[in-house]
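The structure appears right after this line, and notes come after that.
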Amino acid sequence: MIRVFFSYSHADENYRNELEKHLMSLKHQGIIESWHDRRIVAGEEWANRIDDELRKADIILLLVSSDFIASRYCYELEMTEALARHDRREAVVIPVILRPCHWTGLPFGKLQAATRDGRPVEKYPSLDDAFLEITQGIEAIAKRISTSSNSSPAMPAAADILFGKAAIATPATFRSELPRSSNLAISKTFSDHDRDTFVTDAFHYMASFFENSLKEIQDRNPEINIRFQKVDARSFEAIIYRNGKQISKCGIWLGAPFGSSGLSSIIYSYAGLGQGNSFNESMSVKDTGNMLGLEPMGMGISNLQRADKGPLTHQGAAEYYWSMFFEPVKRG
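Shown next as structure tokens:
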């Protein structure tokens, strides 16, 4: 079984929990087993245990964020040892970019990230979309390591398998773990302030997303004119014209729609801002138990096209409303 090691900042523990849930499918198939520092039990010398697990790992995941980079232990100790093992072709190091940060110039920036073009997990339509892609990549590498090791009495180094080299390492040795569950995540409690801050940040991201997308479509199409008006810090309106004729319009604002529990929501109306007393879709904060996301009511046409019904990230929420707004433009 292929050993996977998580190197991460505890500030990103919620992301690690979500990724580990996705990797459970590979564990159930006997493809991988994983380890992180929350598996250390009372009385163990934690530094020695981490070093031991890091030295035995076949795949080392660097869960990269600004907190990871700022962590002396993650950056100077775990990352340094991981890259040394990668360079010796003893393990495969895979950067998993969780949140936007300046990472390409760092020592692991030369490595292929787990997502296409190193796209941060946070920028996917949903966390499920990102972690599915990452899980599929880990599965492919783990199977290549496993297939090669099973075909020879001596196991080739993991990185040699990945890069097609012929070097042979010493036989793999695996330490048996005491039986225990991988479902060890403890729910996190979010305050009303956390929720309102999250949805406000999502709204500002959405406003920037719409403004930049409108400018881009106008630059690409001479027959298109656009109008973007941010009325105040809580609302904006967007319009697309083709040859002078209005073909799409929407208003988006922060508020609390009818029947809400009082927490802030992001509301969408095809009629624009108007009086703000009617809307076509609304999304509110969804607490998954570990993280916050945005969940649409399901009134929008784009909801019917969503393969994943999980809570949306800021990027996913913006894409959701943009697809509603852009549908009349696509129809011509």
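Read in order, the letters of the sequence shown correspond to residues 441 to 772 in our numbering. Built from N, CA and C at the ideal position, the CB exists for glycine as well.
- According to DSSP, residue 535 shares a beta bridge with 502.
- Residue 638: member of the alpha helix (DSSP H) spanning 632-660, first to last residue.
- In the structure shown, the three-state DSSP call for residue 572 is helix.
- In the structure shown, the three-state DSSP call for residue 679 is strand.
- For residue 456, the enclosing alpha helix (DSSP H) covers residues 453-468.
- Taking 8 angstroms as the upper bound for CB-CB distance, residue 680 and residue 561 are not in contact here, some 31 angstroms apart.
- By the beta-carbon neighbour count (other beta carbons within 10 angstroms, threshold 16), residue 771 is exposed.
- Distance from the CA atom of residue 512 to the CA atom of residue 762, rounded to whole angstroms, is 40 angstroms.
- CA-CA distance, residue 558 to residue 541, rounds to 11 angstroms.
- When DSSP states are grouped into helix, strand and coil, residue 446 belongs to the strand group.
- Taken in chain order, the unbroken stretches of beta strand (DSSP E) that lie wholly in the stretch 706-742 and span 3 residues or more are 721-727, 732-736.
- By DSSP's assignment, residue 473 forms a beta bridge with 443.
- If you check the CB distance, residue 538 and residue 462 do not come in under 8 angstroms.
- Excluding residues up to 5 positions away in sequence, 694, 706 lie with their Cβ nearer than 7 angstroms to the Cβ of residue 643 in the same chain.
- Residues of the same chain with a CB within less than 6 angstroms of the CB of residue 667, apart from the 5 flanking positions on each side, are 679 in chain order.
- Residue 488 is not bridged by DSSP to any residue.
- In terms of Cβ geometry, residue 471 and residue 582 form a close pair [threshold 8 angstroms].
- Taking C-beta separations shorter than 8 angstroms and ignoring five residues to either side along the sequence, the partners of residue 565 in its chain run 748, 752, 753, 755, 756, 759, 760, following chain order.
- If you look at residue 770, you'll find it in the alpha helix (DSSP H) that goes 754-771.
- Annotated as proximal: residue 536 and residue 503, with beta-carbon spacing under 8 angstroms.
- The C-beta separation of residue 574 from residue 555 comes to about 6 angstroms, placing the pair in contact by the 8 angstroms criterion.
- Across the structure, residue 476 and residue 719 are spaced so that their CA atoms are roughly 46 angstroms apart.
- With at least 16 other beta carbons inside 10 angstroms of its own, residue 526 counts as buried.
- Ranking 486, 517, 442 by CA distance to the CA of residue 469 puts 442 first.
- Distance check between residue 686 and each of 628, 766, 638 places 766 closest, using alpha-carbon atoms only.
- Nearest in C-alpha terms to residue 578, of all of 519, 629, 465, 662, is 465.
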